[in-house]
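Residue numbering for the sequence shown is 0 to 616, as defined by numbering that gives the first Met the number 0.
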Amino acid sequence: MAAEESHLAYVLKHGLPRGFPMNLQHDLTRPVGWSATLGHFIDGAMVRVVGLMAEAEEDKDWAELKELGRRYWDCHHSEGTEGLRAELSQRVVPEVLDEQSTIFLRVETLVAVRDGLASRLYPELFDLDSSYVDKDGLVDYAHLLTRVKMLSPGVFMDQEHGLLLFAHRFFRRSQSHVNKLNDYFLDSFSRAAKDELVRARLRLDPDRVGHPAELHGLLEFEYWHGPRYSDDIASIPSGVATHKADEETRKLEGVDKTQVWWKPLESRSGEGGVATFRTLELEELRDLPSSGLPEDRYACRYAHAEYSLREQLVTHFDGAIRAYPTEKYLERIELNIDRAGKHSEYTKLFRFDGALSVGQWKRLLSDYFRGNPLVPEYLGAPTDGLEKERTASALFESAALAEPLEQEERLSVFVQLQPGAASKKLSFVLKEAATPDRSGTFSFMETGGASVDKLLRQRADLSMVASMLAVDGRLELVPLVFGMAEGFPDAMHSLVADLADALAHDILKLELRDVALTLIWPHGNLLTSLSIRGTPRPLLKLLQKLFVVVNASEPASKWIEALATAVRELAPQSKEDHDLHGILDGRLSFERGDVDAELVFPKSLTEKLKGNGLFGI
């Protein structure tokens, strides 16, 4: 809830709507809609954050989403960074971070992106004539760690100058600077590189340096499972295998297919005599061009490995990006990997030489191709386990939605925060109905027509508002909006205490089996909405002690945990309540269907309607 309060303060400050851009597979270059939190739903089993996801469909939606995303990310990358930008500019001298040639981004931390920025500051880690850099531009990883300290996978700290260096941006989704690094692979890489029998090399990002002050981990809620398959590489038949992606993988991951080529056995002479090797080439063919490359280029991940049958180890392993202009890619996608040739723009990203166990290699290979399920699938990873979990989860959800809660007593609460202000006096969220002859409308509120109705009419002028009676054993009380009048919140406490007494009377008189009510009050520049729904006993008990638990003078983050505890103690449940009816309107309500409602009209309203001839009497 504290995060929601901070978020609302942020969007109000910047004139943004509530929520965040929604992207496919955590790829910030692939927006698909907007996601916003509606509130916190509390029952006797758990507390859930409930949100709404809106996907763009029409051209107008996409145009609005693009503009909204631009505004959101402009604020994100610039908010509160002035001091860090100034410090970063001092630390990169003699380089100049001017606005014309430098892009500042906030990803893992505040970073400056400019062509060749890092490579000019650290030539020994980038220049091809450096003794620590190979012909492909990869730096010796052991030497790198003598110059910098690894803070997280792919992020390195130059402690002398207070600057961060990063693994190459091609380790990011869509090869884009705005996306997160592939932590899965880079973590596996750093672990494997610790083996003294292995020489590891890595490509660093030549264009990017960062300020360490804001460095933090980025969470992507994605489960990526590695392969479990036979280590008997010698028995794998030679040839090309093509694995075609299903529709879901094509949509989410942008993968069209993956081609694997095991070459025939090859004998080589060396110091130890003749050795036999198996060579693998594997390439992922994409369904979408990369947003991180110019001119609609398709960036395809590629891997190459050599396996020694004598040592039963992978003695060489490297990975790269093969980028194709559209015309070349249309030719490439029609060919098998063994006939495709080398017609791409090739950028090698990492390399291992030495002795990798098959287990290490499997982990590295699948992690490098994170997000592409075709790779572990080809290598024999079980695919039915996750499907079974999803199926079981779906069945559980369906059953929970179809069956009512077994507990006799039910109680749930929905807390929502909305930008806005209340009037100074008590008001109500009224409904409108058409007159019998459809020539006009009038306001009405659901009160039950008994003690609660009488109480509310004593506290406010409702002479022109009709009352709806309870006719189905349920009362969905009109929402009450409390203003910041003198005496707040004591006046609210007093009215709610009287409301609890009146409601207790009506529950017996009207034989109510379920009640829902909503209280709304201001706090700062937000309106707090507290909606309660349940069976009479726990609902009344909560209402009677509500302001012992809830301090309306404090933000919701201060009291929501105590409220959740109270709900759990009054009506414990073994499984969660799935009835979210009314939440889109900001409150809990009932799904009634067609119910004949009986309305009672106050004298003043009746006379007005008669005078206008709206009743026809």
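Positions of the beta carbon are idealized from the N, C-alpha and C atoms, including for glycine.
What you are looking at is a predicted structure, and each value in this text was computed from that prediction instead of being measured.
Worksheet item: For methionine 149, which three-state DSSP category applies?
Response: Taking the first residue of the sequence shown as position 1, residue 149 is located at position 150. Here methionine 149 sits in strand by DSSP.
Discussion item. Spatial neighbours of lysine 424 within its chain, please: C-beta separation below 6 Å, excluding the five flanking residues on both sides.
Written reply: The residue you call residue 424 lines up with position 425 of the sequence shown. So the list reads Gly482, Ala484, once near-sequence residues are dropped.
Worksheet item: Comparing alpha-carbon positions, which option in Asp295, Arg586, His577, Glu606 lies nearest glycine 43?
Response: The sequence position of residue 43 within the sequence shown is 44, counting from 1. Taking only the C-alpha atoms, the option nearest glycine 43 is His577.
Discussion item. I need the boundaries of the alpha helix (DSSP H) containing isoleucine 41, first residue and last residue.
Written reply: Position 42 of the sequence shown, counting from 1, holds the residue named residue 41. It is not in any alpha helix (DSSP H) - isoleucine 41 instead sits in the beta strand (DSSP E) that spans 30-42.
Discussion item. With a threshold of 7 Å on Cβ separation, who are the neighbours of glutamate 94 within its own chain once the five nearest residues in sequence on each side are excluded?
Written reply: Locating residue 94 in the sequence shown gives position 95, where the first residue counts as 1. Same-chain partners within the cutoff: Leu116, Arg119, Leu120.
Discussion item. Out of Met491, Ile235, Phe188, Asp489, which one is the CA nearest neighbour of arginine 362?
Written reply: Along the sequence shown, one-based indexing puts residue 362 at 363. When the alpha-carbon of arginine 362 is set against those of Met491, Ile235, Phe188, Asp489, the nearest one is in Phe188.
Worksheet item: Taking the DSSP output, what are the residues bridged to tryptophan 260?
Response: Locating residue 260 in the sequence shown gives position 261, counting from the first residue. DSSP, once it has assigned bridges, lists Val239, Glu280 as partnering tryptophan 260.
Practice prompt. Report yes if the C-beta distance between alanine 166 and leucine 124 is below 8 Å; otherwise report no.
Written response: Your numbering for residue 166 matches position 167 in the sequence shown. Your numbering for residue 124 matches position 125 in the sequence shown. It is not a contact, given that the beta carbons lie outside the stated cut-off.
Discussion item. Under 8 Å: do the segment 410-430 and the segment 576-591 share three or more Cβ pairs, one atom per stretch?
Written reply: yes
Discussion item. For the ligand SAH, I want to know if cysteine 74 counts as a neighbour, meaning its beta carbon is within less than 7 Å of at least one of the ligand's heavy atoms.
Written reply: The ligand SAH is not part of this structure, which contains no ligands at all.
Worksheet entry | Helix, strand or coil at lysine 65 [DSSP, three-state] | The residue labelled residue 65 in the question sits at position 66 within the sequence shown. Looking at lysine 65 - three-state DSSP - the assignment turns out to be helix.
Discussion item. Please list the terminal residues of the continuous beta strand (DSSP E) segment that includes phenylalanine 546.
Written reply: On the sequence shown, position 547 is the one that residue 546 refers to. From DSSP, phenylalanine 546 is part of no beta strand (DSSP E) but of the alpha helix (DSSP H) over 545-548.
Fill in: Complete runs of the alpha helix (DSSP H) confined to the segment 458-516 [at least 4 residues]
489-508
Worksheet item: Can you tell me where the alpha helix (DSSP H) with histidine 215 in it begins and where it stops?
Response: Taking the first residue of the sequence shown as 1, we reach residue 215 at position 216. No alpha helix (DSSP H) contains histidine 215, which DSSP labels as neither H nor E.
Worksheet item: Leaving out five residues before and five after arginine 567 in sequence, what residues of the same chain have Cβ atoms less than 7 Å from its Cβ?
Response: Within the sequence shown, residue 567 is the residue found at index 568, counting from 1. Only Gly43 meet the Cβ criterion.
Practice prompt. Kindly confirm or deny that the segment 193-209 and the segment 350-364 touch, where touching means at least three C-beta pairs closer than 8 Å.
Written response: yes
Worksheet entry | leucine 148 classed as buried or exposed, judged by whether at least 16 other C-beta atoms fall within 10 angstroms | As a working note, residue 148 is residue 149 in the sequence shown. The sequence shown places lysine at residue 148, not leucine. The residue in question, lysine 148, is exposed, as its Cβ has fewer than 16 Cβ neighbours within 10 Å.
Item to complete: Indicate the three-state DSSP secondary structure (helix, strand or coil) for leucine 598 in the structure shown.
Response: On the sequence shown, position 599 is the one that residue 598 refers to. Leucine 598 falls in the strand class under three-state DSSP.
Worksheet item: What separation, rounded to the nearest whole angstrom, lies between the Cα atoms of glutamate 560 and arginine 171?
Response: Within the sequence shown, residue 560 is the residue found at index 561, counting from 1. Within the sequence shown, residue 171 is the residue found at index 172, counting from 1. Near 38 Å, if we compare the C-alpha coordinates of arginine 171 and glutamate 560.
Worksheet item: Identify the residues that DSSP records as bridge partners of asparagine 22: which are they?
Response: By 1-based counting over the sequence shown, the position of residue 22 is 23. According to DSSP, which records beta bridges pairwise, asparagine 22 is partnered with Pro30.
Item to complete: Compute the Euclidean distance between the alpha carbons of arginine 29 and asparagine 22, then round it to the nearest angstrom.
Response: Looking up residue 29 in the sequence shown gives position 30. Looking up residue 22 in the sequence shown gives position 23. Approximately 5 Å between the Cα atoms of the pair.
Discussion item. Run through the DSSP bridge pairs and tell me what cysteine 299 is partnered with.
Written reply: Position 300 of the sequence shown holds residue 299. Among the bridge pairs identified by DSSP, cysteine 299 is matched with Arg321.
Item to complete: Please determine, among His13, Arg300, Leu312, His504, the residue with the shortest C-alpha to C-alpha distance to tryptophan 72.
Response: Taking the sequence shown and counting its residues from 1, the one referred to as residue 72 is at position 73. Of the candidates His13, Arg300, Leu312, His504, the one whose C-alpha sits nearest the C-alpha of tryptophan 72 is His13.
Worksheet item: Whose C-beta lies closer than 7 Å to the C-beta of methionine 491 among residues of the same chain, with five residues either side of it excluded?
Response: Taking the first residue of the sequence shown as position 1, residue 491 is located at position 492. Phe481, Trp520, Ala551.
Worksheet item: Taking just the CA atoms, how far does leucine 162 sit from glycine 486?
Response: Here residue 486 is taken as the residue at index 487 of the sequence shown, counted from 1. Here residue 162 is taken as the residue at index 163 of the sequence shown, counted from 1. Cα to Cα, glycine 486 sits roughly 55 Å from leucine 162.
Fill in: glutamate 553 in three-state terms, based on DSSP
Translated into positions along the sequence shown, residue 553 becomes position 554. Here glutamate 553 sits in coil by DSSP.
Practice prompt. Run the CB neighbour count on histidine 160, radius 10 Å, all protein chains shown included, and call it buried at 16 or more, exposed below.
Written response: Position 161 of the sequence shown, counting from 1, holds the residue named residue 160. Its Cβ having fewer than 16 others within 10 Å, histidine 160 is exposed.
Worksheet item: When you compare each of Lys609, Ser175, Thr108 to methionine 156 by their alpha carbons, which one comes out closest?
Response: Along the sequence shown, one-based indexing puts residue 156 at 157. Minimum Cα distance to methionine 156 is reached at Thr108.
Item to complete: Count the C-beta pairs between the segment 468-480 and the segment 421-440 that are closer than 8 Å, then say yes if the count reaches three, no if not.
Response: Yes, since at least three Cβ pairs between the segment 468-480 and the segment 421-440 fall closer than 8 Å, the two stretches touch.
Worksheet item: Taking just the CA atoms, how far does isoleucine 41 sit from alanine 191?
Response: Walking along the sequence shown from the start, residue 191 turns up at place 192. Walking along the sequence shown from the start, residue 41 turns up at place 42. Rounded to the nearest angstrom, the two C-alpha atoms are 46 Å apart.
Practice prompt. Classify aspartate 128 as helix, strand or coil using the three-state DSSP reduction.
Written response: Your numbering for residue 128 matches position 129 in the sequence shown. Aspartate 128: coil per DSSP, three-state reduction.
Worksheet item: With a CB to CB cut of under 8 Å and the five nearest residues on each side skipped, what residues in its chain are close to leucine 400?
Response: Here residue 400 refers to the residue found at position 401 of the sequence shown. Residue confidence is low: leucine 400 scores 40 on pLDDT, short of 50, so the model does not pin down where it sits. Its coordinate-derived value is still stated next. Taken in chain order, the residues that qualify are His577.
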